[in-house]
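Novice: First the structure, then my questions, so here it is.
Numbering (the working numbering), first residue to last: 19 to 232.
Here's what the structure looks like:
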């Protein structure tokens, strides 16, 4: 049994536009699960440049689960992009220096949205933008050129600017069963043995229950 190495930068040397993200990031505030990849023909190892306005002093994290597929042009906008909105002007005078610097707002004045969290087995199409603090559930699909302005439920398809619900991928009881199965947490040998069922078989409760028993 030959299994791609979760600790490799390039799991397939024939396809070097694709890398496992967790093996190239350096920021302590970015957490990436095993086998999640970024596909970029220009520079797939440059993923952190697509996480913008991410300042350690704010403490917000980008957390992405396992087995996610992320296409080129992704942008995760973090909380550092937000401006104070309670006053007359939203202009960030303080960051320009001089006497303006003394008016740096307190963190409590900033509209911080918390961590941005992506579940497992999420597929992002090309040129997707994700706004701060969004939560995206397991198994979701985000259409190309979408702007994710709000949370996305597990196993739903969304698209557009701002995103709109296109529809659920499966019936509610099947979605719940898939969440209970959580195949991405199985050992990699189990996953490898069941790739045909995971990829090519329409999920039914009977199939999912049989996978739970293995």
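For every residue, glycine included, the Cβ atom is placed at its ideal position computed from N, Cα and C.
Across which residues does DSSP place residue 147 in a beta bridge pair?
Specialist: Answer by DSSP bridge pairing, in chain order: 93, 165.
Novice: If distances are taken between C-alpha atoms only, which option among 65, 53, 172, 127 comes closest to residue 76?
Specialist: Nearest of 65, 53, 172, 127 to residue 76, Cα basis: 127.
Novice: Does the distance from the C-beta atom of residue 148 to that of residue 158 stay below 8 Å?
Specialist: No. Outside cutoff.
Novice: Select from 132, 209, 192, 63 the residue whose C-alpha is nearest the C-alpha of residue 88.
Specialist: The shortest Cα separation from residue 88 among 132, 209, 192, 63 belongs to 63.
Novice: Residue 58 and residue 35 look like a contact to me (Cβ under 8 Å); what is the Cβ gap, rounded to whole Å?
Specialist: So it is a contact: roughly 6 Å between Cβ atoms.
Novice: Quick one: what's got a C-beta closer than 7 Å to residue 180's C-beta in the same chain, skipping five residues either side?
Specialist: Only 165, 167 meet the Cβ criterion.
Novice: If I follow the unbroken beta strand (DSSP E) through residue 175, where does it start and stop?
Specialist: 174–177 is the span of the beta strand (DSSP E), which, as asked, contains residue 175.
Novice: List, from N- to C-terminal side, the beta strand (DSSP E) runs of 3 residues or more that fit wholly inside the stretch 27–66.
Specialist: The qualifying runs are 36–38, 48–50, 55–57.
Novice: Where does residue 228 fall in DSSP's three states?
Specialist: The answer is helix: DSSP assigns residue 228 an H, G or I state.
Novice: Alpha carbon to alpha carbon, what distance is there between residue 130 and residue 213?
Specialist: Approximately 40 Å between the Cα atoms of the pair.
Novice: Which residue from 111, 66, 125, 141 puts its Cα closest to that of residue 160?
Specialist: Of the candidates 111, 66, 125, 141, the one whose C-alpha sits nearest the C-alpha of residue 160 is 141.
Novice: CA-CA distance, residue 139 and residue 113?
Specialist: Looking at the two C-alpha atoms, the distance is approximately 39 Å.
Novice: Look up residue 98 in the DSSP assignment and say whether it is helix, strand or coil.
Specialist: The answer is helix: DSSP assigns residue 98 an H, G or I state.
Novice: Drop a sphere of 10 angstroms on the beta-carbon of residue 118, count the other beta-carbons inside from all chains shown, and report buried for 16 or more, exposed for fewer.
Specialist: Answer is exposed; the Cβ neighbour count stays below 16.
Novice: For my contact list, residue 54 and residue 39 are in at a C-beta cut-off of 8 Å; report their separation, rounded to the angstrom.
Specialist: Right, their Cβ atoms sit about 5 Å apart.
Novice: Under 6 Å Cβ to Cβ from residue 110, same chain only, skipping five residues before and after it: list those, please.
Specialist: If we look at residue 110 and ignore the five residues flanking it on each side, its Cβ neighbours are 101.
Novice: According to DSSP, is residue 128 part of a helix, a strand, or is it coil?
Specialist: Residue 128: coil per DSSP, three-state reduction.
Novice: Around the Cβ of residue 56, are there at least 16 other Cβ atoms within 10 angstroms (buried) or fewer (exposed)?
Specialist: Result: buried.
Novice: Give me the Cβ distance between residue 199 and residue 226, rounded to the nearest whole Å; I'm assuming they're in contact under 8 Å.
Specialist: Yes, they are in contact, since the Cβ atoms of residue 199 and residue 226 sit about 5 Å apart, within 8 Å.
Novice: At the level of alpha carbons, what is the spacing between residue 92 and residue 69?
Specialist: The straight-line gap from Cα to Cα measures roughly 9 Å.
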